[in-house]
Structures are given as structure tokens and as C-alpha cells.
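In full-length UniProt numbering, the protein residues as written are 1 to 405.
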Amino acid sequence: MSKNIKILIFFLVFVLALIIFADSNKTKPINWNATFGLNDKIPFGLKVFNEESKSLFKNQNLEKFSETPYEFFNKDMVFTQVITEGDTITSYNTNTSKKGTVFAISELNKFDKSSMEELLKFAREGNTIFISATNFSEVLSDSLKFEVHLKNSDNLPFKNALVNQDIYYPFEKGAKDFYFHKFDKTTTKILGNLVDRKYILPNYIEVKHGKGKFLLHLQPIAFTNYYLLKNNFKYIESVCSHIDSKNIYWNVDGIEESSISSNPLRFIFSQPGLKWAWYFGLIGILIFMLFNAKRRQRIIPISEPVKNTTVEFAKTIGNLYFLEKNHKDIADKKIVYFLEKIRKDYYLDTTVLDETFINRLHQKTSKEKADIIKIINKINYIKNSSIIVEKDLVELNTLIEKLNL
């Protein structure tokens with residue numbers, strides 16, 4: 001691993017540790033948005049109510065559904081054909097075995113016209129509809145003959161109270177003072193009131209419809225984490241005590257139900273430190289891939305240079321001659337090579353090695369004349385001798401090396 005990559009990795013680890021430390025010590029602002037999400041831990045989410053719903057409705061069957069009420073009740077739709085003389089009439093009706101209470105909590109009305117008409121039909125058949133919201137659709141208000149107004153009391157603190165109870169439950173942050181302005185007294189029963197310094201206004205009513213009824217509540221914020229953790233759970237217990245059906249069908253937002261546990265990385269992304277570690281891990285892998293994407297050169301094998309054996313060969317041959325004690329033959333060869341070099345380099349005739357040759361060689365080479373005389377005399381001596389001793393060969397070699405032509 002190169003030095004630059006080591007520095008880069010160290011820098012990334014240092015920055016990651018710094019971000020995790022800063023993020024873990026940072027005071028996060030509170031999210032006061034009213035999401036009414038089943039899994040939201042923020043003040044105005046429904047996580048606490050969602051977790052406590054089974055104990056709240058402990059003797060009842062609680063079923064959640066994310067479709068619209070129209071889709072939910074028409075799953076088992078049956079088509080029938082009625083044939084008359086000359087005509088064929090196709091009609092359909094709803095064949096559903098669902099009986100009980102439809103339960104819904106939201107800040108604003110979330111049901112379209114078709115769904116609301118389905119809820120009205122469900123109530124007429126002897127069932128209950130519980131809706132906690134700050135407004136309702138015109139289809140519902142026109143059918144049940146009621147109006148909702150906003151008191152708008154300049155955010156003064158107010159309380160919610162249930163009829164026939166002397167307990168008041170304070171509400172302030174996030175609460176709205178909506179109330180039922182008009183309603184049909186022959187079919188409507190007041191179950192709870194909005195209480196401030198001057199007024200007592202109904203905000204929880206029961207409206208009969210056919211064989212069933214509607215329970216309409218105007219303070220959905222009471223179901224959120226913020227107010228349940230402020231010891232207002234008794235208020236919610238009292239509100240829900242009017243739901244006496246065996247089966248409860250809780251309508252939740254589809255995105256809430258589908259996102260409960262679909263993502264295996266949900267815990268990592270829910271923790272800021274782990275989330276940053278995940279992102280930096282991905283960045284580190286990307287950088288590693290970029291550095292290693294460069295084409296690596298194939299290793300070049302080391303080629304040993306061809307060994308020059310000329311010197312060794314010459315030494316071997318020389319040793320052979322020396323061991324045979326053939327000094328004359330070696331001396332003759334050295335003389336031949338020496339004179340050949342003179343002819344080649346200095347263009348002198350070496351046929352006669354006399355005084356004239358000595359003078360010319362001295363002029364050409366600028367060597368000491370005495371050294372030239374010695375080597376020429378030695379060469380002439382060896383040429384004229386049939387046998388020489390080792391001493392003569394050594395002297396010849398010494399003179400040639402000294403002259404160094």
C-alpha cells in the first residue's frame with residue numbers, strides 16, 4: 001500500500017470519527033410536525049398509542065388496514081345478473097361479513113366521497129364509525145347535519161372534559177379549539193367538551209345514523225406521544241370507552257403500514273453515527289476501487305545478461321600453454337599480436353625490426369626510446385632463439401605492458 005493511500009485512509013477515519021463525535025454531542029431540534037405516524041417517536045406521532053392499542057382494546061379484535069374504506073369493504077364484491085324478458089340487467093351488491101367499528105385518527109379529513117359514502121352505509125347497517133380529526137368532509141357533515149367551527153382563542157390554554165366527569169385534561173401545545181357549532185339534537189349526544197375561561201363547547205359527539213352511530217372527536221392531538229406521556233392516557237381511555245364493538249378496524253396510512261420493517265438498514269439509518277459510518281464506508285470502497293482500477297503492469301522477468309567468457313577462455317588457454325611449459329610458443333603469439341597492433345594503428349612495416357623501425361615507432365608513439373629499444377631487442381632475441389625460459393616470457397610481457405601501445 002502506497003504512502004498516499006495510507007494518508008488518505010487515515011484522513012477519512014479521522015474525519016469520520018470527528019463527524020460521529022460532533023453528531024452524537026449535538027442537540028437536535030425537536031420536530032413538532034403533526035405527522036400522526038404509527039412509528040414516529042416525535043411529539044406528535046402515534047408510536048405510544050400504537051404500542052398501547054392492544055392493551056387499550058384488550059377484549060376486542062384490532063385489525064389495521066391501509067386501503068381506503070371503499071376498497072376495504074368492497075373486497076368481496078359479488079356481481080349478479082338479473083335477466084328479464086328482452087333485457088339483461090347487470091347489477092352488483094356488497095357481500096361483506098365485517099361488523100364492528102371503523103377507527104381513524106388524522107389531523108385533516110382523509111376520506112374521499114366514495115369512502116365516506118361507504119362509511120355511512122356501514123353505520124346504517126348497525127356498525128360504529130370513530131373519527132378523530134379537526135375537520136370532516138361535506139358528505140359527512142351534510143348527512144349528519146352538523147357544522148364545525150374554530151374558536152381561535154389566541155392560543156389561550158384550554159381543557160378537554162368528558163360529560164359526567166369532573167376531571168379536566170389540559171391541552172395547549174399543538175391543540176386546536178375546534179368545536180361543533182350546530183348539530184341535530186334529536187340524533188346527537190354530547191360526549192365531551194372544550195373548556196376555557198369563558199366557554200364550554202362540545203368537541204366530542206355521538207350521532208346516530210340508521211342502526212349504527214358515528215363517534216366524532218375534534219382533538220386528534222390527544223392521541224399523540226406528547227400528550228399520552230403527559231398523563232392524559234385516562235382521557236383517551238374515556239374517549240375510546242364508547243367503542244363497544246367486538247371488532248375494530250383501524251384505518252392507517254398505507255405508507256405507515258408498509259414501512260414498518262421493510263428496509264433491513266432502517267436501524268442504521270435511524271442512528272446518525274451509524275448512518276455516517278455507512279456513508280463513509282461506501283465512499284472508502286469507492287476510493288479503493290478507483291485507486292485499484294489503474295491497469296497494473298505485468299511483472300517483467302529479470303533477464304540475466306549474457307556472460308562474457310572471452311577473458312576466462314583466454315585465461316584457460318594461457319594456463320594450458322603455461323602448464324605445458326611451451327614458453328616459446330606463447331612468446332611468439334604475443335609478438336605476433338604486438339606487431340599486428342603496430343601495423344594496424346601506426347601503419348609501420350614490421351618486416352625488419354632495425355634502428356630505422358625504432359626511430360619511426362618512437363616518432364609515431366612518442367614513447368620512451370629506451371623502452372622501445374628494449375622491447376625490439378627482446379623480440380629479435382626470442383625470434384632468433386629456438387627455446388626460451390620462463391624468465392624471457394615474463395620480461396617480454398612486462399615490456400609490452402609497460403609500452404602500452
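Using N, Cα and C, we set each Cβ at its ideal position, and we do this for glycine too.
Here the alpha carbon of H362 sits roughly 12 Å from the alpha carbon of D354. Ranked by Cα distance from N326, the options I388, F313, I299 are led by I388.
When the alpha-carbon of K145 is set against those of P272, H209, D332, the nearest one is in H209. Secondary structure note for N397: its alpha helix (DSSP H) is the uninterrupted segment 390 to 403.
With 16 or more other Cβ atoms from the protein chains shown falling within 10 Å of its own Cβ, T128 counts as buried.
Only buried fits I379, as 16 or more other CB atoms lie within 10 angstroms of its CB.
If you look at Y204, you'll find it in the beta strand (DSSP E) that goes 200 to 209. Around the CB of T316, fewer than 16 other CB atoms lie within 10 Å, so the residue is classed as exposed. Residues of the same chain with a CB within less than 8 Å of the CB of K328, apart from the 5 flanking positions on each side, are I382, S385, S386, I387, I388 in chain order. Sixteen is the threshold: when 16 or more other Cβ atoms of the shown chains lie within 10 Å of the Cβ of E118, as they do, the residue is buried.
Assignment of A175 by DSSP, reduced to helix, strand and coil, places it in the coil class.
With the rule of 3 Cβ pairs closer than 8 Å, the stretch 12 to 21 does not count as touching the stretch 191 to 207. In the three-state scheme derived from DSSP, where H, G and I count as helix and E and B as strand, V13 is classed as helix.
Annotation for L120: S143, H209 place their beta carbon closer than 7 Å to its own, counting only its chain and skipping 5 residues before and after. Cβ-Cβ distances below 7 Å link S106 to F36, A133, P220 in the same chain, with the five nearest sequence neighbours on each side left out; the list follows chain order. Between T351 and the set D345, T365, V336, the nearest pair of CA atoms involves V336. The continuous beta strand (DSSP E) containing H217 extends over residues 212 to 217. S66 sits away from N109, with the two beta carbons spaced by 8 Å or more.
Using a Cβ distance threshold of 8 Å, F280 and L218 do not count as a contacting pair.
Judged by DSSP in its simplified three-state form, F57 adopts coil rather than helix or strand. Taken through DSSP and simplified to helix, strand or coil, H362 comes out as helix. Counted as a single uninterrupted DSSP element, the alpha helix (DSSP H) harbouring S143 occupies residues 138 to 144.
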